[in-house]
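Colleague:
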Ligand SMILES: Nc1ncnc2c1ncn2[C@@H]1O[C@H](COP(=O)(O)OP(=O)(O)O)[C@@H](O)[C@H]1O
Ligand SMILES: [Mg+2]
């Protein structure tokens, strides 16, 4: 109840400053179009629309990290959070308040990208629908990263760290090239980080290989739970004034 | 007593920021905590609001311990932080509603309270302006009005007139004067005029210690000085302890 009041505020705060939001919608669609044009002249299938779509959508989620991280960071540096911490809201109310408004944004990103993909030749079927579900789960990972960044850093620092984050999450995602083409340490890091697993889970469900979804999605979920646990712990400490 | 502070201490490693603070504040009193920058005023307020845990000591807010019954204590108080903590993209009215709702008001009740606060703080003409478009003075008014939305028993105002121009400061004083008696107010400041205009009693803090406590008249009398400024300068002199 109180969480939803706080979530409504956060939703307004995000959509009334829509520049990042528009960028987070527009850029993925542009990338999708560029790469599917390139695909026409390529000897391998990496950028085929069925491969590209899940990767680009997961990439677009890094904007969720930016949005949630910046909002939380700003609330911290303006002392707005101090006001909230002085109120009797619980840690789970805050967390929900910051997570809920980002889910409809994730859904919009998914829908816009799928529409663009259909336009570029993706055929609509039940797997596409199932992929939406899997992607919503994956979006929580990226929202969680944002909360963690926003809890630890100020809004200005989040801007800089986002640049690093977006690079990490892109290079190690397997969207733009196959990590095993490089191999070695790069391949190990890729396997260790959650990003490639997120893309693999979404690709598997879209291709109808449902049994291949389970393992990568579990890794993503594990990471998500872990990140949320740290964020909640840090939040609780701040509420109780132990930081 | 609405506020009973007993031996409240905050220490960062070797640095004692608030040192054995003890004092009582009566219900409905307007209390001013005066001190130079870095005297420990904000740290004291943060501890009293449950935003920072004390290294030692305790305080009772309307009978609830800030160490042992933090959630109960938090329901009694509200704060307008040193920085103007408003939600920038919400309107004045939305900011007020938000605070009411977070403290558990129904929508109708929150709207009623918001209208009342906007009247009191002269914010009604600005009600549909986004907070980020307000001037510093209006932002500060909004910040204090937001704190009043929960009908707190105790209101903490951390340097509410910092950086305001003369007129905005006078306007806010007028408003704060109207709150007098309705709610127990603890205000921190380093403006002496503000204390003389508003406060029933004043405590002067220096390097984390409470140097003196009383009405402005009492302090002048005790130190045999003619103005609060002279009292303040004497008690906060470098090396004074
Ligand atoms: N987290 C912290 N770690 C170490 N020192 C701190 C911390 N927070 C505040 N201080 C120090 O405590 C002192 C008092 O600060 P503060 O309470 O903000 O003073 P005031 O509000 O009276 O200006 C300052 O010297 C400040 O540097
Ligand atoms: Mg201060």
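Protein chains in written order, with my numbering: chain A, 418 to 660; chain B, 3 to 243. Even for Gly, the Cβ is constructed at its ideal location relative to N, Cα and C. The structure displayed is predicted, hence computed values, not measured ones.
Where does residue 510 of chain A land, buried or exposed, given buried means 16+ other C-beta within 10 angstroms?
Modeller: By one-based count along the first chain, residue 510 of chain A stands at place 93. Residue 510 of chain A is buried by the Cβ-count criterion.
Colleague: Looking at chain A, is there any beta carbon in it that lies within less than 9 Å of the beta carbon of residue 161 of chain B?
Modeller: Along the second chain, one-based indexing puts residue 161 of chain B at 159. Not an interface residue.
Colleague: Excluding the five sequence neighbours on either side, which residues of its own chain have a C-beta within less than 8 Å of the C-beta of residue 67 of chain B, listed in chain order?
Modeller: Here residue 67 of chain B corresponds to residue number 65 of the second chain, with the count starting at 1. Around residue 67 of chain B: 60, 61, 75.
Colleague: In the DSSP output, what is residue 208 of chain B paired with across the bridge?
Modeller: In the second chain, counting from the first residue as 1, residue 208 of chain B sits at position 206. Beta-bridge pairing links residue 208 of chain B to B:211.
Colleague: Run the proximity test for residue 655 of chain A: is its beta-carbon closer than 8 Å to any non-hydrogen atom belonging to ligand 1?
Modeller: Here residue 655 of chain A is taken as the residue at index 238 of the first chain, counted from 1. No, the Cβ of residue 655 of chain A stays beyond 8 Å of every heavy atom of ligand 1.
Colleague: From which residue to which residue does the alpha helix (DSSP H) around residue 39 of chain B run?
Modeller: If you number the second chain from 1, residue 39 of chain B lands on position 37. Per DSSP, residue 39 of chain B belongs to no alpha helix (DSSP H) and is neither H nor E.
Colleague: Tell me the DSSP bridge mates of residue 8 of chain B?
Modeller: As a first step, residue 8 of chain B is located in the second chain; it is residue number 6 there, counting from the start. B:60, per the DSSP bridge assignment.
Colleague: Does any C-beta atom of chain A lie closer than 9 Å to the C-beta of residue 119 of chain B?
Modeller: Residue 119 of chain B sits at position 117 when you count from the first residue of the second chain. Chain A contact via Cβ: absent.
Colleague: If you pair each beta-carbon of the segment 578-589 of chain A with each one of the segment 491-503 of chain A, do three or more pairs fall below 8 Å?
Modeller: No: fewer than three Cβ pairs fall under 8 Å.
Colleague: Would you list the residues sitting across from residue 160 of chain B in a DSSP beta bridge?
Modeller: In the second chain, residue 160 of chain B corresponds to position 158, counting from 1. Answer is B:190, bridged to residue 160 of chain B.
Colleague: So is the beta-carbon of residue 20 of chain B under 8 Å away from any non-hydrogen atom of ligand 1?
Modeller: Start at 1 with the first residue of the second chain, and residue 20 of chain B comes out as number 18. Residue 20 of chain B Cβ: within cutoff of ligand 1.
Colleague: For residue 501 of chain A, report the span of its alpha helix (DSSP H) as first-last.
Modeller: Here residue 501 of chain A refers to the residue found at position 84 of the first chain. Here the alpha helix (DSSP H) through residue 501 of chain A covers 497-502.
Colleague: Would residue 605 of chain A be called buried (16 or more neighbouring beta carbons within 10 Å of its own) or exposed?
Modeller: By 1-based counting over the first chain, the position of residue 605 of chain A is 188. Classification for residue 605 of chain A: exposed.
Colleague: In angstroms, rounded to a whole number, what distance separates the CA positions of residue 451 of chain A and residue 525 of chain A?
Modeller: By one-based count along the first chain, residue 451 of chain A stands at place 34. By one-based count along the first chain, residue 525 of chain A stands at place 108. Cα to Cα, residue 451 of chain A sits roughly 21 Å from residue 525 of chain A.
Colleague: Got a sec: which bits of the segment 45-60 of chain B sit with their beta carbon under 8 Å from any beta carbon on chain A, in order along the chain?
Modeller: If the cut-off is 8 Å between Cβ atoms, the segment 45-60 of chain B has 48, 49, 51, 52, 53, 54, 55 near chain A.
Colleague: Taking 8 Å as the line, does the beta carbon of residue 43 of chain B fall inside it for any heavy atom of ligand 2?
Modeller: For the purposes of this step, residue 43 of chain B is taken as the residue at position 41 of the second chain. Result yes, Cβ under 8 Å from ligand 2.
Colleague: Shorter than 8 Å, the distance from the beta carbon of residue 37 of chain B to the closest heavy atom of ligand 4, or not?
Modeller: With respect to ligand 4, the structure offers nothing, as its ligand set consists of ligand 1 and ligand 2.
Colleague: Report the residue from A:585, A:489, A:560, A:464 whose alpha carbon sits nearest the alpha carbon of residue 90 of chain B.
Modeller: Against the second chain, residue 90 of chain B aligns to sequence position 88. Nearest of A:585, A:489, A:560, A:464 to residue 90 of chain B, Cα basis: A:489.
Colleague: Compare the beta carbon distance of residue 21 of chain B and residue 42 of chain B with 9 Å and say whether it is the shorter of the two.
Modeller: Taking the second chain and counting its residues from 1, one reaches residue 21 of chain B at position 19. Taking the second chain and counting its residues from 1, one reaches residue 42 of chain B at position 40. Contact flag set, yes.
Colleague: Which residues does DSSP list as the beta-bridge partners of residue 216 of chain B?
Modeller: Taking the first residue of the second chain as 1, we reach residue 216 of chain B at position 214. Beta-bridge pairing links residue 216 of chain B to B:204.
Colleague: Note down the Cα distance separating residue 153 of chain B from residue 181 of chain B, rounded to an integer number of angstroms.
Modeller: Translated into the one-based positions of the second chain, residue 153 of chain B becomes position 151. Translated into the one-based positions of the second chain, residue 181 of chain B becomes position 179. Looking at the two C-alpha atoms, the distance is approximately 11 Å.
Colleague: Do you know offhand how far residue 426 of chain A's Cα is from residue 469 of chain A's?
Modeller: In the first chain, counting from the first residue as 1, residue 426 of chain A sits at position 9. In the first chain, counting from the first residue as 1, residue 469 of chain A sits at position 52. Rounded to whole angstroms, residue 426 of chain A to residue 469 of chain A spans 35 Å at the Cα level.
Colleague: Among residues of its own chain, excluding the 5 on either side of residue 747 of chain A, which ones have a beta-carbon nearer than 6 Å to its beta-carbon?
Modeller: What the structure shows of chain A is the stretch from 418 to 660, and residue 747 of chain A is not part of that stretch, so it cannot be assessed.
Colleague: Quick test of your reading: residue 5 of chain B and residue 104 of chain B, contact by CB under 8 Å. State the CB separation rounded to the nearest angstrom.
Modeller: Mapped onto the second chain, residue 5 of chain B falls at position 3. Mapped onto the second chain, residue 104 of chain B falls at position 102. Not really, about 23 Å apart at Cβ, beyond 8 Å.
Colleague: So, residue 551 of chain A versus residue 531 of chain A, is the Cβ gap smaller than 9 Å?
Modeller: By 1-based counting over the first chain, the position of residue 551 of chain A is 134. By 1-based counting over the first chain, the position of residue 531 of chain A is 114. Result no, Cβ atoms of residue 551 of chain A and residue 531 of chain A do not sit closer than 9 Å.
Colleague: Hey, does residue 521 of chain A have any beta-carbon neighbour from chain B nearer than 9 Å?
Modeller: Walking along the first chain from the start, residue 521 of chain A turns up at place 104. No, its Cβ sits nowhere closer than 9 Å to a Cβ of chain B.
Colleague: Verify the CB distance criterion: does residue 506 of chain A have a CB-CB separation below 9 Å to chain B?
Modeller: Mapped onto the first chain, residue 506 of chain A falls at position 89. It does: the Cβ of residue 506 of chain A has a partner Cβ on chain B nearer than 9 Å.
Colleague: Just to confirm the assignment, what range does the alpha helix (DSSP H) spanning residue 477 of chain A have?
Modeller: For the purposes of this step, residue 477 of chain A is identified with residue 60 of the first chain, where counting begins at 1. Segment 466-477, the alpha helix (DSSP H) holding residue 477 of chain A.
Colleague: Nearest-angstrom Cα distance between residue 392 of chain A and residue 556 of chain A?
Modeller: Because residue 392 of chain A is not part of the residues shown, which for chain A are 418 to 660, the question remains open.
Colleague: With DSSP collapsed to three states, give me the class of residue 21 of chain B.
Modeller: In the second chain, residue 21 of chain B corresponds to position 19, counting from 1. Strand at residue 21 of chain B.
Colleague: According to DSSP, what are the bridge partners of residue 93 of chain B?
Modeller: Locating residue 93 of chain B in the second chain gives position 91, where the first residue counts as 1. DSSP lists B:132 as partners of residue 93 of chain B.
Colleague: Anything in chain B within Cβ reach of residue 658 of chain A, meaning under 8 Å, just list it in chain order.
Modeller: The residue given as residue 658 of chain A occupies position 241 in the first chain. Correct list: 48, 49, 52, 53, 54, 55.
Colleague: For residue 644 of chain A, is the classification buried or exposed, using 16 other Cβ atoms within 10 angstroms of its Cβ as the cut-off for buried?
Modeller: Within the first chain, residue 644 of chain A is the residue found at index 227, counting from 1. It counts as buried.
Colleague: Taking CB distances under 9 Å as the criterion, tell me whether residue 67 of chain B reaches chain A.
Modeller: Counting from one through the second chain, the residue named residue 67 of chain B turns up at place 65. False, the Cβ-Cβ gap to chain A never drops below 9 Å.
Colleague: Say yes only if the C-beta of residue 190 of chain B is nearer than 8 Å to one or more non-hydrogen atoms of ligand 2, and no if none qualify.
Modeller: Counting from one through the second chain, the residue named residue 190 of chain B turns up at place 188. At least one heavy atom of ligand 2 is nearer than 8 Å to the Cβ of residue 190 of chain B, so yes.
Colleague: Under 8 Å Cβ to Cβ from residue 231 of chain B, same chain only, skipping five residues before and after it: list those, please.
Modeller: Translated into positions along the second chain, residue 231 of chain B becomes position 229. For residue 231 of chain B, where only same-chain residues beyond five positions count, the Cβ hits under 8 Å are 194.
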